[in-house]
Amino acid sequence: MNNFEYNYHTHTSRCGHACGLDEEYVIEAIKNGNKRMGFSDHVMLPNISQPGMRGEFSLFDSYVNSVNRLKKKYKNQIEIKLGFECEWYGNTFKNYYEDLLQHKGFDYLILGQHCFLNQGRMIFYKSIADEEKGCELYASDLIDGIRSGLFSYVCHPDFFILGSEGISNIDEISTRIALEAKKANIPLEINMGQTRRLSFPKAASPYEPYYPYVPFWKIVKEIGNKIVVGVDAHNPSDFSRSDYLALRKFIKDLNLKVSDDFML
Numbered sequence: 003m004n005n006f007e008y009n010y011h012t013h014t015s016r017c018g019h020a021c022g023l024d025e026e027y028v029i030e031a032i033k034n035g036n037k038r039m040g041f042s043d044h045v046m047l048p049n050i051s052q053p054g055m056r057g058e059f060s061l062f063d064s065y066v067n068s069v070n071r072l073k074k075k076y077k078n079q080i081e082i083k084l085g086f087e088c089e090w091y092g093n094t095f096k097n098y099y100e101d102l103l104q105h106k107g108f109d110y111l112i113l114g115q116h117c118f119l120n121q122g123r124m125i126f127y128k129s130i131a132d133e134e135k136g137c138e139l140y141a142s143d144l145i146d147g148i149r150s151g152l153f154s155y156v157c158h159p160d161f162f163i164l165g166s167e168g169i170s171n172i173d174e175i176s177t178r179i180a181l182e183a184k185k186a187n188i189p190l191e192i193n194m195g196q197t198r199r200l201s202f203p204k205a206a207s208p209y210e211p212y213y214p215y216v217p218f219w220k221i222v223k224e225i226g227n228k229i230v231v232g233v234d235a236h237n238p239s240d241f242s243r244s245d246y247l248a249l250r251k252f253i254k255d256l257n258l259k260v261s262d263d264f265m266l
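Take the sequence shown: its letters are residues 3 to 266, numbered as in this note's numbering.
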């Protein structure tokens, strides 16, 4: 059991790289001691097809109806929220995001940058040959998203570290992100997705090119950001097989202040 009473970072099979039934995620969250959970699948975008990354827009109603059904079915066992994990594409989908929150019954959106939109094409930051340019673009888009005021927290803010061994301005980018989140009073997420694929980073290690990235979180500690935890579940079993003891050690070693509960 994980001792954290919440998880708002949960995907569904609709995105194309997760598995399991929606209800199985709820059952596993309850077994794992969660009192609050949120579904935040990769946002389905009108007129955008990105197989293997996000569900087609035709799946939108299925997603909403399923989550709302589960909300009612399990209301006496767990509080369930309806959300999306979104990239910020400038003003391109700003009205759509606002409509989700104001008129479509969505409880929250979380900001998780993976790719940007260029002349109608989705391009992953990590596909840019110039790593430093890719990381700068990531930071710029993420900061603009924070400033929009539409998001409840930032997912894996240190995502830009992944595989970026060669860049020289990691600390500068980290500081910019943390300062902007602090200014906007938006929490930053320690993401557990990579920790299920790789050895959990040790605070004593000088460098690991993956997240959660120790130097990034040291900067967050200095700036005093709010911090949350996200399972980033892509399989119902992720609720139980994530290494919460290692996460607790990571938090303790860096002396981070992370609440056991977080309510949207």
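All C-beta atoms, glycine included, are put in the ideal place defined by N, C-alpha and C.
Taking the alpha-carbon of residue i as reference, which of the options has the nearest alpha-carbon?
i, options, result
"residue 192", "177, 157, 224", "157"
"residue 1", "218, 152, 28, 244", "Residue 1 is absent from the model: the chain starts at 3 and stops at 266."
"residue 195", "16, 32, 20, 184", "20"
"residue 82", "146, 107, 58", "107"
"residue 130", "6, 197, 57, 169", "169"
"residue 54", "236, 265, 261", "236"
"residue 50", "179, 125, 255, 23", "125"
"residue 183", "103, 229, 255", "229"
"residue 171", "134, 13, 139, 155", "134"
"residue 227", "251, 244, 186", "186"
"residue 63", "102, 215, 231, 251", "102"
"residue 79", "31, 18, 249", "31"
"residue 94", "105, 104, 118", "118"
"residue 15", "100, 68, 5", "68"
"residue 244", "17, 251, 197, 250", "197"
"residue 120", "132, 100, 90", "90"
"residue 56", "23, 17, 105, 132", "17"
The beta strand (DSSP E) that contains residue i, what's its start and end?
i, result
"residue 41", "38-44"
"residue 231", "229-232"
"residue 190", "190-193"
Below 8 Å on the Cβ atoms is my guess for residue i versus residue j; work out the distance and round it to an integer in Å.
i, j, result
"residue 164", "residue 213", "6 Å"
"residue 38", "residue 265", "7 Å"
"residue 176", "residue 221", "5 Å"
"residue 239", "residue 34", "Actually they are not in contact, since the Cβ atoms of residue 239 and residue 34 sit about 10 Å apart, beyond 8 Å."
"residue 233", "residue 12", "7 Å"
"residue 162", "residue 110", "That belief does not hold up - the Cβ atoms of residue 162 and residue 110 are roughly 23 Å apart, past 8 Å."
"residue 76", "residue 40", "Actually they do not touch by this definition, with Cβ atoms about 13 Å apart."
Alpha helix (DSSP H) containing residue i: first to last residue?
i, result
"residue 182", "172-186"
"residue 163", "Neither: residue 163 is in no alpha helix (DSSP H) and is coded neither H nor E."
"residue 217", "216-225"
"residue 243", "240-243"
"residue 47", "First-last for residue 47: undefined, no H or E at that position."
"residue 235", "Unbroken run through residue 235: none, as it is neither H nor E."
"residue 248", "246-255"
"residue 26", "24-33"
For a quick check, are the C-beta atoms of residue i and residue j less than 8 Å apart?
i, j, result
"residue 92", "residue 112", "no"
"residue 217", "residue 262", "no"
"residue 258", "residue 219", "yes"
"residue 160", "residue 115", "no"
"residue 58", "residue 36", "no"
"residue 46", "residue 65", "yes"
"residue 256", "residue 223", "yes"
"residue 178", "residue 148", "no"
"residue 72", "residue 25", "yes"
"residue 180", "residue 225", "yes"
"residue 96", "residue 154", "no"
Where are the alpha helix (DSSP H) runs, 4 residues long or more, that stay fully inside the stretch 59-110, in chain order? Fully enclosed alpha helix (DSSP H) runs of 4 or longer: 62-75, 96-104.
Hey, which unbroken runs of the beta strand (DSSP E) at 3 residues or more fall wholly within the stretch 110-158? Taking only runs of at least 3 residues, the beta strand (DSSP E) segments lying wholly in the stretch 110-158 are 110-113, 117-120, 123-126.
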